[in-house]
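K.L.:
Numbering (the working numbering), first residue to last: 691 to 813.
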Amino acid sequence: MAKVTGIGGFFFRAREPQSLAAWYEKHLGILDIAKEVWKQQAGPTVFAPFSHDTDYFGRAEQQWLINLRVDDLDGMMADLTAAGIAVETRAEWDSEVGRFCRIHDPEGNPIELWQPSDAAGLT
Numbered sequence: 691m692a693k694v695t696g697i698g699g700f701f702f703r704a705r706e707p708q709s710l711a712a713w714y715e716k717h718l719g720i721l722d723i724a725k726e727v728w729k730q731q732a733g734p735t736v737f738a739p740f741s742h743d744t745d746y747f748g749r750a751e752q753q754w755l756i757n758l759r760v761d762d763l764d765g766m767m768a769d770l771t772a773a774g775i776a777v778e779t780r781a782e783w784d785s786e787v788g789r790f791c792r793i794h795d796p797e798g799n800p801i802e803l804w805q806p807s808d809a810a811g812l813t
């Protein structure tokens, strides 16, 4: 049987696509498609539908939450905070699979940052 081998793109609407692409490049290192295709490192990807009434994503009308793997969560949080970006952490988000924090892009979309745990065998 043929199967999907990975995520080939993540597309979403934005009020200001060019400025939002610049924000993602500046603060998260995700290259603007107008310049070059972003190449991610191989690693685990969770694909999981949630219940329609979950509050995990934030706003009730939010249909998606992207989770991005990072190699240094503390360093990323320090950089984001220094840039004036609010970073949220909660002890209950962290588990044996790693540590997490949450930020929002300038259009209010939630972004979960995840540093996988070495002990979980996911790195």
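Cβ coordinates follow ideal geometry from the N, Cα and C atoms, glycine included.
(1) Could you tell me which residues DSSP puts in a beta bridge with L758?
(2) Would L710 pass as a contact of D795 if the rule is Cβ separation under 8 Å?
(3) Could you check where the alpha helix (DSSP H) with G765 kicks off and where it finishes?
(4) Report buried or exposed for M691, applying the criterion of at least 16 other Cβ atoms within 10 angstroms of its Cβ.
(5) Distance, Cα to Cα, P739 vs A781?
P.N.:
Here's the rundown:
(1) L803
(2) Yes. Within cutoff.
(3) Run containing G765: L763 to A772, per the alpha helix (DSSP H) assignment.
(4) So M691 ends up on the exposed side.
(5) Taking the straight line joining both Cα atoms gives about 23 Å.
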